[in-house]
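A.B. asks: A single structure is presented below for examination.
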Amino acid sequence: MAKLIIDSKEYSSRLILGTGKYKDFYETKSALEASECEMVTVAIRRMNIGQEKDSKNLLDYVSPDIYTILPNTAGCYTAEEAVRTCEIAEELLDGKKLVKLEVLSRNKSLYPNIVETIKAAEILVKNDFKVMVYTTDDPIVAKELENIGCECVMPLGSAIGSGIGIINEYNIREIIENATVPIIVDAGVGTASDACIAMELGCDGVLMNTAIACAKDPILMAQAMKHSVIAGRKALKAGRIEKRKLGSPSSPNSGLVTGD
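Given below as structure tokens:
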């Protein structure tokens, strides 16, 4: 099975965590440690990583020496806003160009605005950014974003923060089967079984935030998600049995002990 390589770096963990919605930075740090993830997303428009000198800095708790910091464009509704946010992130992170692009619609679903997402992706790739892009579960759109040159395509499982899980396994599977870049499910995960399903489908990884940060016990849920991603990946590699309409005995019928 292929290794997970993003921007020429190999990752052991296939779990990526967001850093929003925790009660404080100490809880954020503890959850990340419990998950054993290696990449974390940071909403540049909502989280301080140095742009506000008088506020607590997330990077004092979540070290770039330990984690790959993935700035994202959460809160952007146009290509122009998203591109500018990525440029700010580049300045704050010493010229690093790996970014997570998300350009949202203003609908309550928070689904991606695909027109603006494609515009932003084209500009960013042209300017040598390494783009991990949040998109719908439309296979045609996913392939177009790959063709533009995105580093990684990240179809939603369901709406951001909904906790519904993956609502269209068939589309996700088709995206995976036709991709030559990593496919990482982003958004909609509610519990460990959702993450496991994503991995069993063949996804290269899973990104989540709300499912852990808003759990009754975020640290315990972070541990559960770590194990679910590992289990799902192992199940994919092991290969599930064929589904049958009828039962099949677990032991052979030949050689049965009789009363004769």
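Under the working numbering, think of the first position of the sequence shown as 40, with each following residue one higher. In this text, a Cβ means the ideal position worked out from N, Cα and C, and glycines have one as well.
Please report the distance separating the alpha-carbon of G202 from that of E129.
C.D. replies: Reading the sequence shown from its first residue, position 163 is the one you call residue 202. Reading the sequence shown from its first residue, position 90 is the one you call residue 129. Spanning the two alpha carbons is a distance of roughly 31 Å.
A.B. asks: Counting Cβ pairs closer than 8 Å, one from the segment 145-164 and one from the segment 114-124, do we hit at least three?
C.D. replies: yes
A.B. asks: For the alpha helix (DSSP H) that E120 lies in, which residues bound it at each end?
C.D. replies: Here the question's residue 120 lines up with position 81 in the sequence shown. A118 to L131 is the extent of the alpha helix (DSSP H) around E120.
A.B. asks: Is there contact here, the segment 69-87 with the segment 261-272, by at least three beta-carbon pairs under 8 Å?
C.D. replies: yes
A.B. asks: According to DSSP, N111 sits in a beta bridge with which residue or residues?
C.D. replies: Translated into positions along the sequence shown, residue 111 becomes position 72. DSSP output for N111 lists A82 and K139 as bridge partner(s).
A.B. asks: Use the C-beta contact count for T156: other C-beta atoms within 10 angstroms, 16 or more gives buried, fewer gives exposed.
C.D. replies: Counted from its first residue, the sequence shown places residue 156 at position 117. Label assigned to T156: buried.
A.B. asks: Could you tell me which uninterrupted alpha helix (DSSP H) segments, each at least 4 residues in length, are contained entirely in the segment 141-228, listed from first to last along the chain?
C.D. replies: 153-165, 178-187 and 208-216
A.B. asks: How many Å lie between A301 and C253 at the Cα?
C.D. replies: Nothing can be reported for residue 301, as the shown portion of the chain is limited to 40 through 299.
A.B. asks: Could you check whether the segment 86-97 touches the segment 273-292, counting it as contact only if at least three pairs of C-beta atoms, one from each stretch, sit closer than 8 Å?
C.D. replies: no
A.B. asks: Run through DSSP, which three-state label would E77 get?
C.D. replies: Translated into positions along the sequence shown, residue 77 becomes position 38. Reduced to three states, the DSSP call for E77 is coil.
A.B. asks: Going by other Cβ atoms of all chains shown within 10 Å of its Cβ, with 16 needed for buried, is P288 buried or exposed?
C.D. replies: Working through the sequence shown from its first residue, we reach residue 288 at position 249. Flag for P288 reads exposed.
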